[in-house]
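In what follows, a structure is listed as structure tokens, so that the remarks can point back to it.
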Amino acid sequence: MTLKIYNVLTRKKEEFVPLVEGRVNMYVCGPTVYDYSHVGHAKTYGNFDVIVRWLRYLGYDVLYVQNITDVGHMLDTGEDRVLKKARQLSAEPMQIVETYMRQYFADMDALGIQRPDISPRASGHVPEQIEMIEELIAKGHAYEVNGSVYFDVTSFPEYGKLSGRVLEDQEEGSREAVRTEKRHPADFALWKKADPEHILHWPSPWGEGYPGWHIECSAMATKYLGPTFDIHGGGIDNIFPHNECEIAQSEAANDEPLARYWMLVGSLTLDGVKMSKSLGNTLTVREALERWPAEAIRTFILSSHYSSPIDFSDEAVEAARKGWQRIWSAVVLVREQLRRAPEGEISDEVDVLVDATKAAFTEKMNDDFNAPAALAVLQDFTRQVNTLLNEQGPQTSGSLAAIDQLYRELGGDVLGIIPDEAEMGADAEREEGLIRLLIELRAQARAQKDWATSDRIRDQLRELGVVLEDRPDGTIWKFE
């Protein structure tokens, strides 16, 4: 089965055919770095992480660009988010940007979200944005008023084709402060005149000012990926006005389609309510990682299709943690047995099981990156592995190695929920080392017929969620 993607632009599932065979150019709208990243960011960028991982698993050479917005993103009040935070903390705007940008990458690293190939910053690409604005003015798609420049939406008949909004129905002042100087209520700012108290500003043909939010993505995507590229991603909340404005200004300036496939991630709520600082119901990635392992959070994110909304709750994440732990326990069991397995080739039964699992997993992921269905395939594989190991006795090194390799490829390389030894953190390594040490001490107690000590070790490990199983070839352990 070839890869198919649901294209938001055409509203149908399409076979994926890249512009250049074997190569994928992909742009995803990145964060505005004015505060700590939250679990909504984890969903968006965790989903795209798995999408990029799968494309690379299929053999594509992926160039993944994800911008950093450090200027120009307006609040509903018309205030720049970064500048407002800087004033609140009596700090320099770029001090705010550097602090939260570094924390954003640290949070994504902690979740196992691989970094983009290029992370361009809006403030570092002002010349490219000015150049695109000049092109839009020259082609009659933009106009200057009192030092600010606006895109004329009536000059682009396809405005609204992504979101499905009709221009005549759009109300004035949706995301920007209402400006009477605009010709049409839906016209949006490409360049804004800087007031005297505005800290961040640059010289331009229209005077001192700063770029609008939308123009940055168009300019940077064009610079690094060309006027037309394969995939544009982002969150569904930004379909209007941001993505719609990107399309209008990019296609008006370049006279070419912007992206061939549009992929938008569904929103995340917290206990059924949209996260909002004013409501005090935000949960940062840092806070979430203090409560659950990164792999459990990733499993929760992958339990829903990337395009679907999902509700983040203690119960839902705890259920995901238990599901991940069942898979991880099987991985630990396989790796423990592999340490002392008898030499031998892979059995026919395991060979068939591995091939069937890979085929089913591939079918699900090729169906619009259906990670929940692919995760279910891995869970079913885990049940069969547990039956194989618990009911059929010791397996050969070849069989165990094949099972372990499948977990590494599908659970590790693609879904990012199965670390190998080199990726395991120091805490996890210490945890496994302590469990093995306790098993050895228990074995010594049993050899000396010290049943009280043996039982105490077993029971205390059980209280910690670690189950021991005594077998003729030794004791194995797994998470409950």
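First residue of the sequence shown? That's 3 in my numbering, and the numbers climb one at a time after it. All C-beta atoms in this analysis are idealised placements derived from N, C-alpha and C, irrespective of residue type, glycine included. Please read these numbers as outputs of a predicted model, since none were measured by experiment.
With a cutoff of 9 Å on beta-carbon distance, Ser39 and Met96 are scored as not near each other. When DSSP assignments are scanned along the stretch 205-233, the uninterrupted stretches of beta strand (DSSP E) that are 3 or more residues long and fall wholly within it turn out to be 211-213. Taking the C-beta atoms as reference points, Thr34 is found nearer than 9 Å to Asp72. Within the DSSP bridge table, the entry for Tyr8 names Lys15 as partners. Under the DSSP assignment, Gln381 falls in the alpha helix (DSSP H) whose first and last residues are Ala373 to Glu393. Secondary structure remark: continuous alpha helix (DSSP H) runs of at least 4 residues inside the stretch 291-337, in chain order: 296-304. In this structure, Met134 sits near Ile217, with a CB-CB distance shorter than 9 Å. Annotated three-state conformation of Asp369 is strand, per DSSP. Linking Gln381 to Ile420 through their CA atoms gives a straight-line distance of about 13 Å. Taking a 10 Å sphere around the C-beta of Asp189, we find 16 or more other C-beta atoms and assign the residue as buried. Straight across, the Cα-Cα distance linking Asn9 with Asp313 is about 24 Å.
In the DSSP assignment, Arg458 falls within the unbroken alpha helix (DSSP H) covering Trp453 to Glu465.
Taken atom to atom, the span from the alpha-carbon of Gly268 to that of Asp239 is near 8 Å. Ala250 and Tyr161 have their C-alpha atoms some 6 Å from each other. Judged by beta-carbon spacing, Ala93 lies beyond the 9 Å limit of Lys86, meaning their Cβ atoms are not closer than that value. Contact check for Ile478 and Glu338: beta-carbon distance about 6 Å, within the 8 Å limit, so the pair qualifies. Assignment of beta-bridge partners to Gln68 by DSSP yields Val30.
Excluding its 5 nearest sequence neighbours in each direction, Arg448 has C-beta neighbours in its own chain below 7 Å: Ser456, listed in chain order. Counting only residues of its own chain and dropping the five nearest sequence neighbours on each side, Val147 has a CB closer than 8 Å to the CB of Glu183 and Lys184. In the three-state scheme derived from DSSP, where H, G and I count as helix and E and B as strand, Asp357 is classed as helix. The criterion of a C-beta distance shorter than 9 Å is not satisfied by Trp330 and Glu289. Assigned with DSSP and collapsed to three states, Arg432 falls in helix. Contact annotation: Thr46 and Gly236 have beta-carbon atoms nearer than 9 Å. Relative to Ile405, the option among Glu347, His244 and Val41 whose CA is nearest is Glu347. In this structure, the CA atom of Ala375 is about 15 Å from the CA atom of Arg300.
With fewer than 16 other CB atoms across the displayed protein chains lying within 10 angstroms of its CB, Arg473 is exposed.
Straight-line spacing of the CA atoms in Leu291 and Pro187 works out to 43 Å. When the Cα atoms are used, Ala196 and Val67 turn out to be separated by approximately 29 Å. Under the three-pair Cβ rule at 8 Å, the stretch 313-324 does not count as touching the stretch 361-373. If only uninterrupted alpha helix (DSSP H) runs of at least 4 residues are considered, those enclosed by the stretch 242-293 are 246-256 and 287-293. Nearest to Tyr62 by alpha-carbon distance, out of Gln90, Val41 and Gly24, is Gly24.
Per DSSP, the beta-bridge partners of Trp479 are Leu470. For Lys195, there is no enclosing alpha helix (DSSP H); the residue is part of the beta strand (DSSP E) that begins and ends at Phe190 to Lys195.
DSSP places Asp63 within a strand segment (E or B) once states are collapsed to three.
Fewer than three beta-carbon pairs drawn from the stretch 272-279 and the stretch 256-264 are found closer than 8 Å, and the two stretches are therefore not classed as touching.
Ser310 and Leu340 have their C-alpha atoms roughly 39 Å apart.
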